[in-house]
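End of the sequence shown sits at 854 in the numbering used here; the numbers just go up one at a time, nothing left out.
Inspection log for the structure reproduced underneath, given as C-alpha cells.
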Amino acid sequence: MAQLPPGIRFITSFSRDQWYRAFIFTLTFLLYASFHLSRKPISIVKGELHKHCAASHEVELSSYREYAAQIQSVRKLSNASQCGWEPFDKNNYKQLLGALDYSFLCAYAIGMYLSGIIGERLPIRYYLTVGMLASGLFTAMFGLGYFCNIHNLWFYIMAQIANGLVQTTGWPSVVTCIGNWFGKGRRGLIMGIWNSHTSVGNILGSLIAAYWVSTCWGLSFVMPGVIIAVMGIVCFLFLIEHPKDISCSCTPSSSSKAFVNGASRFRVQMPTLNDKETIKSQDPEMLHLLMDSENSMTSQNSSAVGTGEGRHGTSAISFLGALRIPGVIEFSLCLLFAKLVSYTFLFWLPLYITNVEHLDAKRAGDLSTLFDVGGIFGGILAGLISDRLEKRASTCGMMLLLAAPTLYMFSTVSKMGLEATVVMLLISGALVNGPYALITTAVSADLGTHKSLKGNARALSTVTAIIDGTGSVGAALGPLLAGLISPSGWNNVFYMLMVADGCALLFLLHLIQKELRCNADHTLFKEH
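And the structure:
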C-alpha cells in the first residue's frame, strides 16, 4: 500500500469535530472583521471632508465679501470647497465630525442593550445575516452622499445612527456562537487570537478607505458596504450556531462530572465535594450560587425533557438577572472607560497624525494601522497571560496601569518624528486594546457561562450585550469629548485618555483584590 501524501496525512490527523471548530473560528473571525472594516472609513475620510486651508484672517483681501467671492470661484463642480466637503469645510469642523462619531456610537450603545435580549430569542444565523445586510446598506448610504452631491448634515447623521443600530447585531451573535463551540480550557488564548479580527478589520478598512479617499471618497464607504453585505450572505449559507446542530460533541471535560441540560444541550461542570469545601473557604457567595445551581438542575432537566423543548426553548435570562452575576457590573464599568480610550484612537488617530506629522489623508490612514497591529499582539498577550495566571481582572489591571504613562509618552514622543511615532503606535495599541479585547471576549464568555446560570447557554448573548453595551457608552463619549477638547490642544485629549485609563483600573480593584486573596488562600490550602 502506497504511503499517503503529506497533505492528506495532515488533513486526517484532525478529527471531524476539530475541523468544524476551525471552520467556525475562521468564519466568525471574518464576519466580525467585516463589521470593523465598515466602521473604519469615517476616521480616514475626515482628513478629506475638511482640508487645511487659509483662514479668512490670513488672506489679505480688502473685505470679507471679496474673500467669500474668491472661495466661491474656486469651488469644484461637486460643491466641495478648497477647505473640504460642505458642510464640514467650516471652522467648527471638529464639532461636526465629532457629531458624526457620537451619532453612530450613541445609537450603537443604546441598541446593544436591546440587541442581546432580541438576539437570544432569535436564531443567530438569521439575526446576524439581516444585521450585516442592513449594515452594508447604511455604510454605502454615507458614501452615496458624494455621488449624489448631498451637503445636508442631517443626511450623514441619520446614516450614522441607522448604521450604529444595525451593527449591534454583530457582537452578541458571534460571541455566543464562539462560546458555544469552545470551552473554558484555553479560552483566553483562543479568544485573544480570535479577537484580533477587530484589528484586522480596522487595518483592512483603513487600507481600503485610504485607497479611494483622495480621488473618490464615496467609494471609501461603498466598497466596505459591499464587502459586509457579501459576508452577510456567506453567514446565511455557512454559519452553524451550535455543535449539536451537526451532531458534533461538546467540548470534552476529563476532570469533572458532566451534566447535559436537556433544555440547552450545554455541558455544565458539577463541582465535587472537595471543590465545594475549597470554594467555601474562598468565596461564600460563589458557594451559594453553586448550591442553587446544583439544587435546581435535576428539576430543570426533567421539566425540559417532559415538555420536549430543544435548545431554543430555554427561557431567556432577564436583564436584572444578568446583572446579578458576580463580576458583570465591575467589568462593564471598566470596559466603559477602556473602550472610551480605544474608540477615541479609532476615530481620531488619523486626523491627529495628519495634524502632528503633516501627512495627507492617505498616508495618515496607512500609518494609523500600526495602532491596530499593536492591538493584535496586545489581545493575544492578554489572553495568554490570563490563561497562565488564571486571573482575568489582574491581567487587565496590569495592562491598564502601564497604558496611562505610555499615552503620556505617546503625546510627547510623537512630535519628535515619524520613527518615534511608529514605535509608540505599536506599544500604545498593545496596551490599550489588550484589556478591551480580553473583557469583550474571554471575560464575557466566562460570565455568560457562569455556574449560577444553571447551564443556560442562551444567557451568553444578554451578558455579552450588557458588557459591550456599557462599554459602547464610553465609545460614544470618547470621540465626542475628543472633538470638544481637541481645539484647546491635543495634549488635553491625551490627559483625558489617561484619566479614563485610571478610572477603568479603579473599577477593577475589588476583583483584583478578590483574585489575589483567593490565590493566597489556595497557596495556604496546598501547604496544609
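Every residue gets a Cβ at the ideal spot worked out from N, C-alpha and C, and that includes glycine.
What you are looking at is a predicted structure, and each value in this text was computed from that prediction instead of being measured.
Could you please give the first and the last residue of the uninterrupted alpha helix (DSSP H) stretch that includes residue i?
i      : result
Asp692 : Ala687 to Leu715
Glu446 : From DSSP, Glu446 is part of no alpha helix (DSSP H); its letter is neither H nor E.
Ala648 : Phe645 to Leu649
Trp345 : Arg342 to Arg365
Asn681 : Val654 to Glu683
Phe562 : Leu545 to Phe564
Gly333 : Pro332 to Thr338
Give the straight-line distance between the Cα atoms of residue i and residue j, rounded to the nearest whole angstrom.
i      : j      : result
Glu567 : Asn506 : 7 Å
Asn818 : Val749 : 22 Å
Gly647 : Phe657 : 16 Å
Leu757 : Asp686 : 27 Å
Ile702 : Thr732 : 17 Å
Tyr439 : Leu454 : 16 Å
Thr502 : Leu533 : 30 Å
Thr338 : Gln329 : 13 Å
Leu803 : Leu666 : 7 Å
Phe508 : Gly743 : 44 Å
Thr494 : Ile334 : 41 Å
Met517 : Asn417 : 44 Å
Ala297 : Leu831 : Because residue 297 is not part of the residues shown, which for the chain are 327 to 854, the question remains open.
Ile368 : Ser573 : 43 Å
Phe562 : Leu459 : 10 Å
Arg689 : Val789 : 39 Å
Ala826 : Trp543 : 33 Å
Gly558 : Gly828 : 38 Å
Cys432 : Tyr452 : 25 Å
Residue i and residue j look like a contact to me (Cβ under 8 Å); what is the Cβ gap, rounded to whole Å?
i      : j      : result
His523 : Tyr762 : Actually they do not touch by this definition, with Cβ atoms about 13 Å apart.
Leu565 : Leu353 : 6 Å
Ser737 : Phe820 : 4 Å
Ala551 : Gly462 : Looking at the sequence shown, residue 551 is not Ala but Gly. The Cβ separation is near 4 Å, so the contact holds.
Ile370 : Ala535 : 4 Å
Asn759 : Gly800 : Not quite, the Cβ-Cβ distance comes to about 14 Å (not below 8 Å), so this is no contact.
His477 : Pro413 : 6 Å
Ala435 : Ser798 : 4 Å
Phe833 : Cys660 : 4 Å
Met824 : Tyr678 : Going by Cβ atoms, the distance from Met824 to Tyr678 rounds to 15 Å, so no, they are not a contact pair.
For residue i, collect the residues of the same chain with a Cβ closer than 7 Å to its Cβ; drop the 5 residues on either side in sequence, then sort them by chain order.
i      : result
Leu806 : Gly424, Asp427 and Tyr428
Pro610 : Unreliable positioning characterises Pro610 in this predicted model, as indicated by a pLDDT of 44, which lies under 50. A coordinate reading is not provided.
Given residue i, which residues of its chain have a CB within under 8 Å of its CB, disregarding the five upstream and five downstream residues?
i      : result
Asn681 : Trp816
Ile348 : Note on identity: in this sequence residue 348 is Ala, with Ile being the wrong assignment. Excluding residues within five positions, the ones whose Cβ falls inside 8 Å are Phe340.
Val654 : Ala648, Leu773, Val789, Ile792 and Ile793
Leu515 : Ile706, Gly709, Leu710 and Asp713
Which same chain residues end up closer than 6 Å to residue i when comparing Cβ atoms and leaving out the 5 residues on each side of it in sequence?
i      : result
Trp411 : Leu375
Leu751 : Leu696 and Phe697
Gly527 : Ala359, His362 and Leu363
Ser720 : Ile838 and Glu841
Thr747 : Ser740
Val548 : Ala466 and Gly469
Ser787 : Gly442, Gly445, Glu446, Pro498 and Thr502
Tyr419 : His376
- Item | 4 or more residues per run - each alpha helix (DSSP H) lying fully within the region 734-777 | 744-764 and 770-774
- Query: Going along the chain, which unbroken runs of the alpha helix (DSSP H) with 4 or more residues stay wholly within the region 485-522?
  - Reply: 496-507 and 513-520
- Kindly provide the ranges of any alpha helix (DSSP H) runs that are 4 or more residues long and lie completely inside the region 459-486, ordered along the chain. none
- Task: Would you mind listing the alpha helix (DSSP H) stretches within the region 805-841 that are 4+ residues and don't spill past its ends, in chain order?
- Result: none
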